[in-house]
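Take a look at the structure set out below.
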Amino acid sequence: MNTTTVCPPKDRSPRFSSLEGWLDWLETLHPKKIDLGLGRTKQVLSALGLERPPFRVITIGGTNGKGSCVALLESIYLEAGYRIGAFTSPHLWRYNERLRVDGRETTDDELIAIFGKIELVRGDVTLSYFEYSTVAAIAEFARREVQIAILEVGLGGRLDAVNALDPDASMIVSIDLDHQAWLGDSRDAIGFEKAGILRRARPGIVADRDPPATLLAYAQNLGTALRLLGRDFDYELLSDGGWRYQATASESLILPVPSFGGRVQLGNVAACVAVIRSLETELPVRDAALGRGIERARLPARLERRLLDGVEWIFDVAHNPAAARVLADELACSRKPRRTIAVFAAMADKDLAGLIEPLIPVVDEWLVTRAPTERGASTDTLLSVLIESDAKSTQAQPVVAEACRYARSLAEDGDRVLVFGSCYMVGPAMTALGLYCAPSQTDDRASRWTGV
61 MNTTTVCPPK DRSPRFSSLE GWLDWLETLH PKKIDLGLGR TKQVLSALGL ERPPFRVITI
121 GGTNGKGSCV ALLESIYLEA GYRIGAFTSP HLWRYNERLR VDGRETTDDE LIAIFGKIEL
181 VRGDVTLSYF EYSTVAAIAE FARREVQIAI LEVGLGGRLD AVNALDPDAS MIVSIDLDHQ
241 AWLGDSRDAI GFEKAGILRR ARPGIVADRD PPATLLAYAQ NLGTALRLLG RDFDYELLSD
301 GGWRYQATAS ESLILPVPSF GGRVQLGNVA ACVAVIRSLE TELPVRDAAL GRGIERARLP
361 ARLERRLLDG VEWIFDVAHN PAAARVLADE LACSRKPRRT IAVFAAMADK DLAGLIEPLI
421 PVVDEWLVTR APTERGASTD TLLSVLIESD AKSTQAQPVV AEACRYARSL AEDGDRVLVF
481 GSCYMVGPAM TALGLYCAPS QTDDRASRWT GV
């Protein structure tokens, strides 16, 4: 039997004085960038005394919609008066976004301190970038004495580092094809991996109307208190702009529509209400707080619309075929522009044709660029896929900022510019357009989360 032993604590000083130095080092700490498994994370959490942390845990998995549900639950529980930790990934602009307490990003100094604390106990156990981030989030939430931690799964679920903790409730937002090299080539295979975040006799909320049989069988064999969208709860969009949550004949609640993300958010927010109801005994939330939390929730780059020089720009982090189909549907239902210009980039390991094809009918001109990461697909590759997909007009600008400037120069009254394909490009694009400015180190501690 192979085991890894945590060495006794060592008197280690923090390795770096800057967050950037720490993050660069984290990229090199473990020999594999992705190395699924719970053992390393559990060992370091145990060394920190956090294998059973002193707060409630809600774990959120799924192909798409995880970040939206984290933002909604975070906002609702904050309105209800709870102290909340939220852990998400990846980030749009800066690492600090991944760890939030009471809606505020952690500061550089706080992150440096918690990394140093991990180094005092980590011993010879190497952690991947995501594993280290997960441990840091849990440790920081414990230090800040949160009451509820809302944790977003990074990849899959069963072997994801977040799953090292036993959640009080789990949510699986959607199941579709993505990360097939790690999770399998079918919804059944992927559904099984995502079902791994469920627990015996604890609430498991599923927002997918057609969950794979493997997920249902896993939950049944485990004895999860499973609640399904369309069977145990549902939603109805009302003509006055609100929506109705319906769980039983006696439980019907009219609530505001989320301000971000389009119609797909109705299923997400209904699942969030189902999670809250499932934990009502331990974590009560009044209906007024529920409504205020939904209304005040914010999340950038989810069908986010901005006006620049009188032209509508839409920013969306859709990065797989399922998300691209949702985005295309939203655009098709919107006011028809004179012309749609797309600024597009994607990761090389994605289904590029599947990501592009849903948008072909609604995009008139394509401007491809390269996401500033080693995983980014080259502009030549993207142009080749676009040509094979019969795109109407294509050109390339490898630098994101230059691509945005060029798209801005092309756009005229009545046009629409769509920026999509990867958070690794959408974030830098918004920065280049002056739509985000990172808090300075002097006012960092008081800064609000970038989504607000």
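Quick note, the sequence shown lines up with residues 61 to 512 if you use my numbering.
Where is the CB? At the ideal position from N, CA and C, for every residue including glycine.
- Looking at the backbone, the Cα of residue 340 and that of residue 119 are separated by about 16 Å.
- Residue range 425–428 is occupied by the beta strand (DSSP E) that includes residue 427.
- Contact between the segment 133–141 and the segment 335–349 is present, with at least three C-beta pairs closer than 8 Å.
- Taking the C-beta atoms as reference points, residue 104 is found no nearer than 9 Å to residue 206.
- Here residue 488 carries a helix assignment [DSSP, helix/strand/coil].
- Restricting attention to 216, 432 and 370, the CA atom closest to the CA of residue 244 is found in 216.
- Counting other Cβ atoms within 10 Å of its Cβ, residue 301 stays below 16 and is therefore classed as exposed.
- DSSP places residue 230 in the uninterrupted beta strand (DSSP E) bounded by 229–232.
- The beta carbon of residue 253 sits closer than 6 Å to the beta carbons of 216, 217, 218 and 243 from its chain, once the five residues preceding and following it are set aside; these are given in chain order.
- Annotation: the continuous beta strand (DSSP E) that includes residue 455 extends over 454–456.
- For residue 100, the enclosing alpha helix (DSSP H) begins and ends at 99–107.
- Per DSSP, the continuous alpha helix (DSSP H) segment holding residue 325 begins and ends at 325–338.
- Here DSSP, grouped into helix, strand and coil, assigns residue 123 to coil.
- Straight across, the Cα-Cα distance linking residue 262 with residue 228 is about 6 Å.
- Between residue 438 and residue 390, the alpha-carbon positions lie close to 28 Å from each other.
- Excluding the 5 residues flanking it on each side, residue 191 has same chain C-beta neighbours closer than 7 Å at 100, 101 and 221, in chain order.
- Note on the segment 196–257: whole alpha helix (DSSP H) runs with a minimum of 4 residues are 240–243 and 247–255, in chain order.
- Burial state of residue 132 is buried, judged by a 10 Å Cβ sphere holding 16 or more other Cβ atoms.
- Counting of Cβ neighbours within 10 angstroms places residue 392 among the exposed residues, the total staying below 16.
- Selection 418, 95 and 366 evaluated against residue 188 yields 95 as nearest (Cα-Cα).
- Between residue 376 and residue 401 the beta-carbon gap is near 14 Å, outside 8 Å, which marks them as no contact.
- Here the alpha carbons of residue 354 and residue 369 stand approximately 31 Å from one another.
- By the CB criterion at 9 Å, residue 124 and residue 281 fall outside the cutoff.
- For the segment 369–419, the full-length alpha helix (DSSP H) segments reaching 4 residues or more read 381–393 and 412–416 along the chain.
- In the three-state scheme derived from DSSP, where H, G and I count as helix and E and B as strand, residue 115 is classed as coil.
- Residue 147 sits close to residue 160, with the two beta carbons spaced by under 9 Å.
- By alpha-carbon distance to residue 411, the top candidate from 441, 86, 426 and 427 is 441.
- Taking 9 Å as the cut-off, the beta carbon of residue 481 is found closer than this to the beta carbon of residue 431.
- With respect to the 9 Å criterion, residue 224 and residue 108 are not classified as neighbours on the basis of their beta carbons.
- Relative to the Cα of residue 113, the nearest Cα in the group 170, 201 and 82 belongs to 201.
- DSSP lists 304 as the beta-bridge partner residues of residue 314.
- Rounded to whole angstroms, the Cβ separation of residue 144 and residue 208 is 5 Å, and the two are in contact under 8 Å.
- Straight through space, the alpha carbons of residue 420 and residue 450 are spaced by roughly 8 Å.
- The residues 121, 220 and 222, in chain order, have a CB closer than 6 Å to that of residue 213 in the same chain once the five nearest residues on each side in sequence are set aside.
- Within the same chain, and ignoring the five residues on either side of residue 352 in sequence, the residues whose Cβ sits closer than 6 Å to its Cβ are 139.
- With contacts defined as CB atoms closer than 9 Å, residue 415 and residue 463 fail to qualify as a contacting pair.
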